[in-house]
Amino acid sequence: MSSVGNKLTVPLRSLEDDELATKLREAKEELFNLRFQAATGQLESHGRLNAVRKEIARVYTIMRERELGISTVETSDGEVPA
Numbered sequence: 071m072s073s074v075g076n077k078l079t080v081p082l083r084s085l086e087d088d089e090l091a092t093k094l095r096e097a098k099e100e101l102f103n104l105r106f107q108a109a110t111g112q113l114e115s116h117g118r119l120n121a122v123r124k125e126i127a128r129v130y131t132i133m134r135e136r137e138l139g140i141s142t143v144e145t146s147d148g149e150v151p152a
């Protein structure tokens, strides 16, 4: 099931757990900045807010799948690292 996903989740699924945590932190920081820009009327692309929210949800989903043992990290050759 770990190879299942669309073109947006495939790059995230290849990341290690610590890289996913970093990606999550960066996305949350970006969301904070976008919300601040929206509140002050400086936001140029409102669609980016939704895109970042969905990216955060994707990262949380992948982290939860790994926690439950539903999916694992795969290398580029399709093998699961030890």
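Quick note, in this note's numbering, the sequence shown goes up one by one and the last residue is 152. Backbone N, C-alpha and C define an ideal beta-carbon position, used for all residues, glycine too. In this text, all values refer to a predicted model and were calculated from it rather than measured experimentally.
{"Query": "Helix, strand or coil at lysine 124 [DSSP, three-state]", "Result": "helix"}
{"Query": "Length of the line joining the Cα atoms of leucine 119 and isoleucine 132", "Result": "20 angstroms"}
{"Query": "Unbroken alpha helix (DSSP H) run spanning asparagine 76, endpoints", "Result": "Unbroken run through asparagine 76: none, as it is neither H nor E."}
{"Query": "Cβ-Cβ distance between threonine 79 and arginine 128 below 8 angstroms", "Result": "yes"}
{"Query": "Closest residue to asparagine 103 among Arg123, Ile140 and Leu82 (Cα-Cα distance)", "Result": "Arg123"}
{"Query": "Straight-line gap, isoleucine 140 to glutamine 107 (C-alpha atoms, nearest Å)", "Result": "38 angstroms"}
{"Query": "Where glutamate 89 falls: helix, strand or coil (DSSP)", "Result": "helix"}
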